[in-house]
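For the protein sequence lines, the chains are R and Z, in the order given. The opening position of the first sequence corresponds to residue 91 in the numbering used here, with each subsequent residue numbered one higher. The opening position of the second sequence corresponds to residue 91 in the numbering used here, with each subsequent residue numbered one higher. A virtual CB, placed ideally from N, CA and C, is assigned to each residue, including glycine.
There are 2 protein chains.
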Amino acid sequence: MNPDDIFLTRAIELALQGSRQGDGGPFGAIIVHEGRIIGEAWNRVVASKDPTAHAEIAAIRMACASLGHFHLSGCVLYASSEPCPMCLSAAYWARIGRIVFANSRAEAAAIGFCDDDLYAELNRTLTERSIVMEHRALPGALQPMREWSGNPQRTPY
Amino acid sequence: MNPDDIFLTRAIELALQGSRQGDGGPFGAIIVHEGRIIGEAWNRVVASKDPTAHAEIAAIRMACASLGHFHLSGCVLYASSEPCPMCLSAAYWARIGRIVFANSRAEAAAIGFCDDDLYAELNRTLTERSIVMEHRALPGALQPMREWSGNPQRTPY
């Protein structure tokens with residue numbers, strides 16, 4: 091087996107283990123840095139009562155703790171299924187270089203997960219979305235941004 | 091001031107407080123349930139070395155811990171800035187009913203944040219994205235999904 095398939099198989103094993111013990115949906119993920127696993131997790135939405143506890147988010151957080159940095163440049167994310175938009179966005183914020191996944195969003199949709207709908211929803215305008223969204227440009231709202239961008243000590247991420 | 095503006099002002103105050111102490115970007119968020127704040131946070135990406143530590147994600151996690159559930163149906167998310175796709179997706183997974191925000195994604199882009207680009211990037215096909223993405227449909231990859239969907243004890247979310 092090539093290294094990609096070995097790591098991807100590990101992500102699938104985690105998906106199986108986590109969902110068998112009832113922690114959440116059947117999803118697993120690992121983060122690999124220089125050929126070594128530095129983060130691995132399965133979905134724990136149900137066990138932790140946390141809707142953000144997807145496997146990829148948890149694996150990214152573990153990998154960042156391992157490297158001591160909020161960026162994972164050069165790392166690879168292996169996911170048992172195509173990341174949902176929350177997890178894919180997290181991978182961008184983490185500056186992950188490459189993502190390998192086994193099951194598609196269509197396969198997740200077939201067992202009742204809304205990943206595919208969510209990609210479509212994000213592409214809609216504010217007024218077309220199922221969550222009601224209101225933009226209220228309060229006076230003073232820009233002050234935190236102005237202070238931050240004017241601070242030479244700030245840490246961009 | 092109407093209640094929306096009172097809560098939104100609180101989110102802006104959190105943005106200011108968090109970024110003044112160097113915890114991360116100038117972003118704050120609160121979750122309101124039946125008129126009461128049940129989660130509030132500011133961005134702590136830098137302080138916690140965690141790229142997922144956006145204000146909205148942290149506020150959602152706190153609110154879920156408060157209600158003891160992974161869904162926040164009927165809750166309102168107030169954010170100092172338009173949520174990035176990671177945080178907006180988290181709001182969908184949490185079944186949040188309504189989102190009110192003060193600054194737009196264009197204003198975040200103007201001070202160097204990639205939210206706007208990220209919305210565009212998510213809408214691209216796998217091969218057009220800046221993160222290299224590979225779909226490897228391994229034999230056995232669907233087993234976790236099949237077991238989960240065939241388990242009458244499963245908890246959908």
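- Judged by DSSP in its simplified three-state form, Leu208 (chain R) adopts helix.
- Under the three-state reduction of DSSP output, Gly118 (chain R) falls in the strand class.
- Taking all protein chains shown into account, Ser163 (chain Z) has fewer than 16 neighbouring C-beta atoms within 10 Å of its C-beta and is therefore exposed.
- Exposure of Met91 (chain Z) is indicated by the presence of fewer than 16 other C-beta atoms within 10 angstroms of its C-beta.
- In terms of Cα proximity to His144 (chain Z), the closest of Z:Ala169, Z:Arg126 and Z:His159 is Z:Ala169.
- Between Arg134 (chain R) and Gly114 (chain R), the CB-CB gap stays under 7 angstroms.
- In this structure, Pro246 (chain R) places its C-beta atom within 7 angstroms of the C-beta atom of Gly202 (chain Z).
- Cβ contact annotation for Glu172 (chain R) (same chain, cutoff 6 angstroms, sequence separation greater than five): Phe191, Ser194 and Arg195, in chain order.
- Of all residues in the stretch 215-240 of chain R, only Ile221, Val222, Met223, Glu224, His225, Arg226, Ala227, Leu228, Gly230, Ala231, Leu232, Gln233, Pro234, Met235, Glu237, Trp238 and Ser239 place a beta-carbon less than 7 angstroms from a beta-carbon of chain Z.
- For Leu157 (chain R), the closest of Z:Ala155, Z:Phe160, Z:Asp140 and Z:Val166 by C-alpha to C-alpha distance is Z:Asp140.
- At the C-beta level, Ala101 (chain Z) and Gly129 (chain Z) stay beyond 7 angstroms of one another.
- Rounded to the nearest angstrom, the gap between the Cα atoms of Val166 (chain R) and Gly230 (chain Z) is 21 angstroms.
- Closest by C-alpha distance to Tyr182 (chain Z), out of Z:Leu232, Z:Ile147 and Z:Arg126, is Z:Ile147.
- In this structure, the beta-carbon distance from Leu216 (chain R) to Ser179 (chain Z) does not fall below 7 angstroms.
- Per DSSP, Met235 (chain Z) lies in no beta strand (DSSP E) segment; the continuous alpha helix (DSSP H) that holds it begins and ends at Gln233 to Ser239.
- Residues of chain Z with a Cβ closer than 9 angstroms to the Cβ of Gln243 (chain R) are, in chain order, Gly112.
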